[in-house]
């Protein structure tokens with residue numbers, strides 16, 4: 030029996046769809062595991078942090094060095110930025126965006142609660158702080174001055190071959206001094222502190238990346254809700270689509286062999 | 101057709117079995133983690149208890165000369181320390197800890213009656229150091245109780261309790277409780 034033309038392409042599509050479903054379920058389970066981990070971990074007061082995985086809450090105090098966010102120019106201890114370009118898409122009504130460049134940078138800062146303060150190194154953290162800065166440029170509208178300088182410094186081309194502005198979107202996320210944070214990290218000995226010079230237990234501790242390193246400006250309750258929502262949503266959507274795609278694959282493959 | 105339906109039923113059943121097994125594994129791992137959290141938080145308390153116990157002889161030595169009329173209190177503190185050092189179980193250590201905390205609270209309150217002692221730099225240093233440890237201990241006891249509470253709730257909550265029972269996690273853990281001596285206000289006579 031001759032195999033109809035293009036059937037392998039269709040099978041590949043459904044295999045991909047099934048794979049995406051499995052990935053979605055897996056990611057959902059990971060989100061629920063994270064939710065459990067957060068719920069299982071009691072919050073430590075900064076004064077009594079012990080070595081190992083910890084959960085703390087407090088206010089950001091800038092360390093010796095601070096950063097200037099690239100788009101807003103605001104003083105911060107961590108920033109993440111992204112420039113995206115709108116792509117023409119005639120087949121779909123939805124906008125499609127392509128990432129042109131993105132990056133992040135952080136400096137050590139202190140987290141302070143009513144009992145003390147501790148140093149946090151944000152390198153490698155999963156930072157979930159909503160972006161409160163966004164700007165755009167398109168035909169007839171240039172990006173703001175500071176972003177223009179960033180574009181020039183990074184040798185990016187925001188104009189097309191006719192010299193007209195491409196449609197670009199600029200977003201930025203920051204952690205500023207004074208921000209209230211929820212942090213789940215690994216507490217380790219701070220090698221920068223000389224032995225015997227620490228006045229308090231927390232002075233000799235550094236919070237950094239361990240098995241889990243998560244920073245958010247939301248309350249613990251909201252963080253748990255968010256992981257639960259994402260986890261259940263991804264399992265349901267991934268499960269349903271994965272199952273449907275798998276069934277279609279079964280039907281197609283069995284039809285091919287009969 | 102029948103084969104197709106049988107296949108779908110089989111896949112669905114397989115997925116259900118997989119989901120139940122996955123959930124049981126998650127519950128088991130969660131319980132192991134919670135138990136380990138309790139053990140770790142107790143170990144973190146124990147470290148501080150040991151530190152405080154090491155400071156006590158120096159504190160007693162620094163106050164002995166000034167508080168001659170408080171020999172009973174100092175003996176009580178020494179006895180509580182000895183009880184802590186010889187304690188083998190968590191319960192015995194917790195009991196000795198409560199006695200030491202109570203005795204220290206009284207000692208620092210009574211020290212108000214001795215102006216010369218209050219001005220002694222050695223004493224101030226030990227007092228600050230021990231007060232610092234006491235504060236950290238209070239935080240860690242609270243942390244321990246939070247860990248125990250999370251575990252106790254988990255093994256009693258549905259549906260986790262089904263797997264917890266099957267896996268032998270049935271007995272709730274005990275929390276730290278403030279003793280009668282700790283709850284009482286210390287009377288200071290001037």
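Protein chains in written order, with the working numbering: chain A, 30 to 287; chain B, 101 to 290.
For each residue, glycine too, the CB sits at the ideal point set by N, CA and C.
For clarity, every value in this text was computed on a predicted model and none was experimentally measured.
Rounded separation between residue i and residue j - CA only
i                      : j                      : result
residue 64 of chain A  : residue 73 of chain A  : 18 Å
residue 127 of chain A : residue 273 of chain A : 30 Å
residue 289 of chain B : residue 222 of chain A : The predicted model places residue 289 of chain B with a pLDDT of 44, which falls under 50 and marks its position as unreliable, so this point remains unresolved.
residue 192 of chain B : residue 184 of chain B : 7 Å
residue 275 of chain A : residue 249 of chain A : 38 Å
residue 285 of chain B : residue 205 of chain B : Bear in mind that a pLDDT of 49 at residue 285 of chain B, under 50, signals an unreliable position, so the number given afterwards is only what the model happens to contain. Looking at the two C-alpha atoms, the distance is approximately 9 Å.
residue 115 of chain B : residue 98 of chain A  : 48 Å
residue 106 of chain B : residue 280 of chain A : 13 Å
residue 171 of chain B : residue 207 of chain B : 11 Å
residue 159 of chain B : residue 186 of chain B : 20 Å
residue 36 of chain A  : residue 278 of chain A : 11 Å
residue 71 of chain A  : residue 242 of chain B : 9 Å
residue 80 of chain A  : residue 147 of chain A : 12 Å
residue 166 of chain A : residue 110 of chain A : 16 Å
residue 185 of chain A : residue 129 of chain A : 9 Å
residue 243 of chain A : residue 195 of chain B : 38 Å
residue 133 of chain B : residue 268 of chain B : 15 Å
residue 170 of chain A : residue 188 of chain A : 11 Å
residue 287 of chain B : residue 144 of chain B : Because residue 287 of chain B sits at a pLDDT of 49, beneath the cut-off of 50, its placement in the model cannot be relied upon, and the point is left open.
residue 191 of chain A : residue 269 of chain A : 47 Å
residue 142 of chain B : residue 274 of chain B : 12 Å
residue 111 of chain B : residue 282 of chain A : 16 Å
residue 255 of chain B : residue 266 of chain A : 30 Å
residue 154 of chain A : residue 83 of chain A  : 14 Å
residue 125 of chain A : residue 195 of chain A : 14 Å
residue 235 of chain A : residue 151 of chain A : 11 Å
residue 277 of chain B : residue 199 of chain B : 13 Å
residue 50 of chain A  : residue 188 of chain B : 54 Å
residue 100 of chain A : residue 179 of chain A : 8 Å
residue 198 of chain A : residue 216 of chain A : 38 Å
residue 168 of chain B : residue 229 of chain B : 23 Å
residue 246 of chain A : residue 41 of chain A  : 42 Å
residue 157 of chain B : residue 182 of chain B : 11 Å
residue 33 of chain A  : residue 271 of chain A : 25 Å
Identified DSSP bridge partners for residue i
i                      : result
residue 194 of chain A : A/188
residue 146 of chain A : A/141
residue 107 of chain A : A/135, A/204
residue 82 of chain A  : A/215
residue 162 of chain A : A/201
residue 167 of chain A : A/170
residue 109 of chain B : Bridge partners of residue 109 of chain B: none, in fact.
residue 243 of chain A : A/155, A/213
residue 91 of chain A  : A/138
residue 114 of chain A : A/127, A/197
residue 96 of chain A  : A/105
residue 237 of chain A : A/215
Close beta carbons around residue i, own chain, < 7 Å, minus the five adjacent residues each side
i                      : result
residue 145 of chain A : 75, 76, 229, 231
residue 160 of chain A : 200, 201, 202
residue 87 of chain A  : 75, 140, 141, 142, 210
residue 164 of chain B : 174
residue 250 of chain B : 134
residue 183 of chain A : 130
residue 241 of chain A : 66, 82, 213
Cut-off 6 Å between Cβ atoms - residues of its own chain near residue i, not counting five sequence neighbours on either side
i                      : result
residue 259 of chain B : none
residue 131 of chain A : 111
residue 124 of chain B : 263
residue 272 of chain B : 252
Residues of its chain near residue i, where Cβ-Cβ distance is below 8 Å and the 5 sequence neighbours each way are ignored
i                      : result
residue 206 of chain A : 89, 90, 91, 95, 104, 105, 106, 138
residue 220 of chain B : 162, 166
residue 102 of chain A : 175
residue 233 of chain B : 148, 151, 152, 155
residue 117 of chain B : none
residue 25 of chain A  : Coverage of chain A is limited to positions 30 through 287, which leaves residue 25 of chain A absent and any answer about it impossible.
residue 262 of chain A : 57
Check: residue i C-beta below 8 Å from any heavy atom of the ligand MN
i                      : result
residue 202 of chain A : This structure lacks the ligand MN; in fact it carries no ligand of any kind.
Exercise. Just by C-beta distance, which residues in the segment 246-268 of chain B are closer than 7 Å to chain A?
Worked result: 246, 247, 250
Exercise. Taking one C-beta from the segment 89-96 of chain A and one from the segment 126-138 of chain A each time, how about it: are there three or more such pairs within less than 8 Å?
Worked result: yes
For this session: Determine contact between the segment 49-59 of chain A and the segment 216-227 of chain B, defined as no fewer than three beta-carbon pairs at a distance below 8 Å.
Result: no
Problem set entry | Touch test, the segment 252-265 of chain A against the segment 67-86 of chain A, Cβ-Cβ under 8 Å, three pairs minimum | yes
Exercise. Between the segment 69-98 of chain A and chain B, which residues of the former have CB atoms less than 8 Å from a CB of the latter, in chain order?
Worked result: 69, 70, 71, 72, 73, 74, 76, 77, 79, 81
Exercise. Does the segment 258-276 of chain B touch the segment 174-188 of chain B, meaning 3 or more C-beta pairs lie closer than 8 Å?
Worked result: no
For this session: May I ask you to verify whether the segment 208-216 of chain A touches the segment 159-178 of chain A, counting CB pairs closer than 8 Å and requiring at least 3?
Result: no
For this session: Could you say if the segment 208-221 of chain B and the segment 125-145 of chain B meet the contact criterion of at least three C-beta pairs nearer than 8 Å?
Result: no
Exercise. Counting pairs of Cβ atoms below 8 Å between the segment 122-131 of chain B and the segment 227-246 of chain B, do you hit three or more?
Worked result: no
Exercise. Taking contact to mean at least 3 C-beta pairs separated by less than 8 Å, is the segment 37-48 of chain A in contact with the segment 103-115 of chain A?
Worked result: no
Exercise. Closer than 9 Å, Cβ to any Cβ of chain A: which residues of the segment 120-135 of chain B, in chain order?
Worked result: 122, 126, 129, 130, 133, 134
Problem set entry | Near-chain B residues of the segment 43-70 of chain A - C-beta to any C-beta below 9 Å | 58, 61, 62, 65, 66, 68, 69, 70
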